[in-house]
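K.L.:
Residue numbers (the numbering used here), protein chains in the order written: chain A, 358 to 507; chain B, 9 to 141.
All residues carry an ideal CB built from backbone N, CA and C; glycine is no exception.
The structure's right below; bear with me while I get my questions together.
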Amino acid sequence: MLDRNKIGHEFDPFTVEVERGRLRFFAKAIGEINSIYAEQSAARKVGYSDIPAPPTFLMALDLGGPDMPPVLKLLDMDIGRILHGSQEFEYFGDICAGDTITVTSKIVDMFDKKGGALEFVVCENSYTNQDGELQAKARQTLVYRNLQEK
Amino acid sequence: MTDIQVGTEIPRLELAPISRYTLALYAGASGDHNPIHIDSDFARNSGMPDVFAHGMLSMAYLGRMLTNWQPQSRLRRFSTRFAAITHLQDVITCSGKVVELVEKDGEKLASCEIQAVKANGERTLVGEAVVAI
């Protein structure tokens, strides 16, 4: 059983630089062909300061911290037993190449289903740019498979 | 964009079959280095038949569908539930439609049901997107 006392735990915030080359690599990996996601000039033509981060790139920012998902270490989870349950994003502004984003993360809920065979960990994250503007929020549910212990 | 009504369908996005190459690229680009998606030995030791796709890869495909349809700057909310695992060679199609028009803080919004579906009809991701219109 994961430690429920960690509900409410806030991880140390960290900052991540949004790199143009990384955004191009991400666009390639997801098969994105719209030139605004690869060329600065195309992005500027439609009003961005530089190449914008695609909608789901926020998750890559989460993974830009010092530890691979810090929740794994805190709750002593085995990475091979984790599944992604759900993901929500809310957008308030752009995140583009050249931005420096501060990521905060907090465990807001933990619960189990199927008699403890599956445990759920819910985290809420926020993404604030170098000008102090909150640009996005996320809510993520991880599923932990305990089936092997039965 | 007054042509958006309840029932308006978002143009579909059909993807190539999921390959190990796709998963390796996505692991590197996303920073999600969980070996269960790229190392078959690790996946089998974790009780899975083989490596399988990152849920966030399919969510990124849904994101492509949405930003092909409307500029990303109009996207207000985007959420999905991961309903089934996407395996190697699965062919994913993304689709969606407008289910409600609402107004919030003086802004007109279209709420859309979105989904990613395998060729056999199984839904892998089911979610919602809200775009300003």
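In or out: residue 468/A buried (at least 16 other Cβ within 10 Å) or exposed?
P.N.:
Within the first sequence, residue 468/A is the residue found at index 111, counting from 1. Residue 468/A should be labelled exposed.
K.L.:
Around the C-beta of residue 379/A, are 16 or more other C-beta atoms found within 10 angstroms, so that it is buried, or is it exposed?
P.N.:
Here residue 379/A refers to the residue found at position 22 of the first sequence. By the neighbour-count rule (16 or more Cβ atoms within 10 Å), residue 379/A is buried.
K.L.:
According to DSSP, is residue 428/A part of a helix, a strand, or is it coil?
P.N.:
Along the first sequence, one-based indexing puts residue 428/A at 71. Helix at residue 428/A.
K.L.:
Residue 63/B versus chain A: which residues are under 8 angstroms apart at the beta carbon?
P.N.:
Reading the second sequence from its first residue, position 55 is the one you call residue 63/B. In chain order: 440, 441 and 444.
K.L.:
Given that residue 88/B touches chain A, what residues does it touch there, using C-beta distances under 7 angstroms?
P.N.:
By one-based count along the second sequence, residue 88/B stands at place 80. In chain order: 443 and 444.
K.L.:
Use the C-beta contact count for residue 40/B: other C-beta atoms within 10 angstroms, 16 or more gives buried, fewer gives exposed.
P.N.:
Translated into the one-based positions of the second sequence, residue 40/B becomes position 32. Flag for residue 40/B reads buried.
K.L.:
Using a threshold of 9 angstroms, state whether the C-beta atoms of residue 23/B and residue 103/B are closer than that.
P.N.:
For the purposes of this step, residue 23/B is identified with residue 15 of the second sequence, where counting begins at 1. For the purposes of this step, residue 103/B is identified with residue 95 of the second sequence, where counting begins at 1. Contact flag unset, no.
K.L.:
Flag this pair as touching only if the region 84 to 93 of chain B and the region 9 to 18 of chain B have three or more C-beta atom pairs under 8 angstroms; answer yes or no.
P.N.:
The region 84 to 93 of chain B is not in contact with the region 9 to 18 of chain B.
K.L.:
Taking three-plus beta-carbon pairs below 8 angstroms as touching, is the region 57 to 64 of chain B in contact with the region 116 to 128 of chain B?
P.N.:
Segments in contact, no.
K.L.:
Under 8 angstroms: do the region 436 to 451 of chain A and the region 412 to 421 of chain A share three or more Cβ pairs, one atom per stretch?
P.N.:
Yes, the region 436 to 451 of chain A is in contact with the region 412 to 421 of chain A.
K.L.:
Could you check whether the Cβ of residue 434/A sits closer than 9 angstroms to any Cβ belonging to chain B?
P.N.:
Counting from one through the first sequence, the residue named residue 434/A turns up at place 77. Taking Cβ atoms only, chain B never reaches closer than 9 angstroms to residue 434/A, which makes this a no.
K.L.:
Would you please verify whether the beta carbon of residue 298/A is less than 9 angstroms from any beta carbon of chain B?
P.N.:
Absent from the model: residue 298/A. The displayed extent of chain A is 358 to 507, so no value can be given.
K.L.:
At a cut-off of 8 angstroms, is residue 73/B close to the ligand FAD when judged by its beta-carbon and the heavy atoms of the ligand?
P.N.:
Of the ligands one can find in the structure shown there are none, so the ligand FAD has no counterpart to examine.
K.L.:
Kindly indicate the opening and closing residues of the alpha helix (DSSP H) around residue 395/A.
P.N.:
As a first step, residue 395/A must be located in the first sequence, where it is residue number 38. That residue, residue 395/A, is in no alpha helix (DSSP H); it is neither H nor E in DSSP.
K.L.:
Based on Cα-Cα distance, which residue from 34/B, 128/B, 76/B and 71/B lies nearest to residue 92/B?
P.N.:
By one-based count along the second sequence, residue 92/B stands at place 84. It is 128/B.
K.L.:
Can you tell me whether DSSP reads residue 64/B as helix, strand or coil?
P.N.:
Position 56 of the second sequence, counting from 1, holds the residue named residue 64/B. Reduced to three states, the DSSP call for residue 64/B is helix.
K.L.:
Which first and last residues belong to the beta strand (DSSP E) in which residue 469/A is found?
P.N.:
By 1-based counting over the first sequence, the position of residue 469/A is 112. Counting along the chain, the beta strand (DSSP E) containing residue 469/A begins and ends at 457 to 470.
K.L.:
List, in order along the chain, the chain A residues whose C-beta lies closer than 7 angstroms to that of residue 39/B?
P.N.:
As a first step, residue 39/B must be located in the second sequence, where it is residue number 31. In chain order: 417, 420 and 421.
K.L.:
Anyone know if the C-beta pair for residue 475/A and residue 483/A falls short of 9 angstroms?
P.N.:
Here the question's residue 475/A lines up with position 118 in the first sequence. Here the question's residue 483/A lines up with position 126 in the first sequence. Going by C-beta atoms, residue 475/A is not nearer than 9 angstroms to residue 483/A.
K.L.:
Label residue 362/A either buried or exposed according to how many other C-beta atoms from any shown protein chain fall within 10 Å of its C-beta, with 16 as the threshold for buried.
P.N.:
Position 5 of the first sequence holds residue 362/A. Residue 362/A should be labelled exposed.
K.L.:
Mapping DSSP to helix, strand and coil, what is residue 30/B?
P.N.:
Residue numbering aside, residue 30/B sits at position 22 when the second sequence is read from its first letter. Residue state, collapsed to three classes: helix.
K.L.:
Would you kindly report the start and end of the unbroken beta strand (DSSP E) that includes residue 495/A?
P.N.:
Looking up residue 495/A in the first sequence gives position 138. First-last of the beta strand (DSSP E) with residue 495/A: 491 to 502.
K.L.:
Taking residue 139/B and residue 83/B to be in contact with their CB atoms under 8 angstroms, please state how far apart those CB atoms are, rounded to whole angstroms.
P.N.:
Residue mapping note: residue 139/B aligns to position 131 of the second sequence, counting from 1. Residue mapping note: residue 83/B aligns to position 75 of the second sequence, counting from 1. Confirmed, Cβ separation roughly 6 angstroms.
K.L.:
So, using beta-carbon positions, are residue 399/A and residue 406/A closer together than 9 angstroms?
P.N.:
The residue you call residue 399/A lines up with position 42 of the first sequence. The residue you call residue 406/A lines up with position 49 of the first sequence. For residue 399/A and residue 406/A, no; Cβs fall outside 9 angstroms.
K.L.:
Hey, would you say residue 367/A sits closer than 9 angstroms to residue 463/A, going by beta carbons?
P.N.:
Your numbering for residue 367/A matches position 10 in the first sequence. Your numbering for residue 463/A matches position 106 in the first sequence. Yes, the pair counts as a contact, with Cβ atoms nearer than the cut-off.
K.L.:
Note down, in chain order, every chain B residue with its Cβ under 7 angstroms from the Cβ of residue 501/A.
P.N.:
Position 144 of the first sequence, counted from the start, is the residue given in the question as residue 501/A. Ordered by position in chain B, no residue passes the 7 angstroms Cβ test against residue 501/A, which lies about 12 angstroms from the chain.
K.L.:
Could you give the uninterrupted runs of the beta strand (DSSP E) lying entirely in the region 107 to 133 of chain B, keeping only those of 3 residues or more?
P.N.:
If we require 3 residues or more, the beta strand (DSSP E) runs fully inside the region 107 to 133 of chain B come out as 115 to 126.
K.L.:
Please list the residues of the region 116 to 131 of chain B that have a C-beta atom closer than 9 angstroms to any C-beta atom in chain A, keeping them in chain order.
P.N.:
Residues: none.
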